[in-house]
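First up is the structure itself, then whatever we jot down about it.
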Amino acid sequence: MSNIRITKQFSFETGHALYGYDGKCKNVHGHSYKLSVTVIGKPIIDRANVKFGMVIDFSDLKKIVKEEIVDQFDHATVFNETTPHIELANELKSRGHHVILVDYQPTSENMVIDFAKKIISRLPEVIKLHSLKLQETDTSFAEWYASDNL
């Protein structure tokens, strides 16, 4: 049986700031992110299985990504917990804002690494994460490939 890749796309809105950066992104701002999640596996061959012919049910993949990423990051502001932005983060939290503190600079590159770890931890053993594409703008994106991270 052939390995097949399937992809599901997601969208979410997230704010962030890059502390210490020398450009405009040092300021708090947001993006309409688009995340493409591609997994690889063999279609189920058991005719008695309700998922017969599927690598993974799109709704099962959606549940994983929604719980681990979309529900967490949508309409949140992300700051590196080891920068002075922590003061702003605490102020926003005290006013009821959804703030996520991470141990990395919240660039698309680092976010896609974080997302890969979260998704991998939830996938069934027979399904592997093949790649992620996190699009920050219409013309800018970061990609993660399993083959680059062996």
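Taking my numbering, the leading residue of the sequence shown gets 1, the next gets one more, and so forth.
Where is the CB? At the ideal position from N, CA and C, for every residue including glycine.
Model, not experiment: these values are computed from the prediction.
Rounding to the nearest angstrom, what Cα-Cα distance links V65 and F58 in this structure? Counting from 1 along the sequence shown, the entry for residue 65 is found at position 65. Counting from 1 along the sequence shown, the entry for residue 58 is found at position 58. Rounded to the nearest whole angstrom, the CA to CA distance from V65 to F58 is 11 Å.
Can you look up S121 in the DSSP assignment and give me helix, strand or coil? Along the sequence shown, read from residue 1 onward, the residue named residue 121 stands at position 121. Coil.
Please report the straight-line C-alpha distance between Q105 and G20, rounded to a whole angstrom. Translated into the one-based positions of the sequence shown, residue 105 becomes position 105. Translated into the one-based positions of the sequence shown, residue 20 becomes position 20. Each residue's Cα considered, the two are about 10 Å apart.
Please classify T77: is it buried, with 16 or more other beta-carbons within 10 angstroms of its beta-carbon, or exposed? Residue mapping note: residue 77 aligns to position 77 of the sequence shown, counting from 1. If you draw a 10 Å sphere on the C-beta of T77, you find 16 or more other C-beta atoms in it, and that means buried.
Just to check my reading of the structure: E141 and V70 have Cβ atoms closer than 8 Å, yes? What is that Cβ distance to the nearest angstrom? The sequence position of residue 141 within the sequence shown is 141, counting from 1. The sequence position of residue 70 within the sequence shown is 70, counting from 1. Note on residue identity: the sequence assigns Phe, not Glu, to residue 141. So it is not a contact: roughly 17 Å between Cβ atoms.
Buried versus exposed call for V148 [16 or more other C-beta atoms within 10 Å across all chains shown]: On the sequence shown, residue 148 is found 148 positions in, with the first residue counted as 1. Sequence check: residue 148 is Asp here, not Val. Exposed is the call here.
Looking at K128: is its Cβ nearer than 8 Å to the Cβ of A116? Working through the sequence shown from its first residue, we reach residue 128 at position 128. Working through the sequence shown from its first residue, we reach residue 116 at position 116. No.
Give the single residue among V37, L134 and A89 whose Cα lies nearest to the Cα of H31. Position 31 of the sequence shown, counted from the start, is the residue given in the question as residue 31. Of the candidates V37, L134 and A89, L134 places its Cα closest to the Cα of H31.
Leaving out the 5 sequence neighbours to the left and right, which residues in its chain are closer than 8 Å to I172 when beta-carbon positions are compared? Within the shown structure, residues of the chain are numbered from 1 to 150, placing residue 172 beyond reach of any answer.
Could you tell me which residues DSSP pairs with T38 in its beta bridges? Counting from one through the sequence shown, the residue named residue 38 turns up at place 38. T7 and S131, per the DSSP bridge assignment.
Among D103, L61 and N90, which one has its Cα closest to the Cα of E81? For the purposes of this step, residue 81 is identified with residue 81 of the sequence shown, where counting begins at 1. Answer by Cα proximity: D103.
Please return the same chain residues whose Cβ sits closer than 7 Å to the Cβ of K93, not counting the five positions on each side in sequence. The residue given as residue 93 occupies position 93 in the sequence shown. Excluding the 5 residues flanking it on each side, K93 has same chain C-beta neighbours closer than 7 Å at V99, in chain order.
Distance check for R5 and L150, CA to CA, integer angstroms please. The residue you call residue 150 lines up with position 150 of the sequence shown. The residue you call residue 5 lines up with position 5 of the sequence shown. One Cα belongs to L150, the other to R5, and the distance between them is close to 18 Å.
Residue range of the unbroken beta strand (DSSP E) whose run includes A76: Along the sequence shown, read from residue 1 onward, the residue named residue 76 stands at position 76. Per DSSP, A76 belongs to the beta strand (DSSP E) from A76 to N80.
Count the other CB atoms within 10 Å of the CB of H16; is the residue buried (16 or more) or exposed (fewer)? Along the sequence shown, one-based indexing puts residue 16 at 16. Buried, by the Cβ-count rule.
Note down the Cα distance separating L35 from D114, rounded to an integer number of angstroms. Residue numbering aside, residue 35 sits at position 35 when the sequence shown is read from its first letter. Residue numbering aside, residue 114 sits at position 114 when the sequence shown is read from its first letter. Looking at the two C-alpha atoms, the distance is approximately 13 Å.
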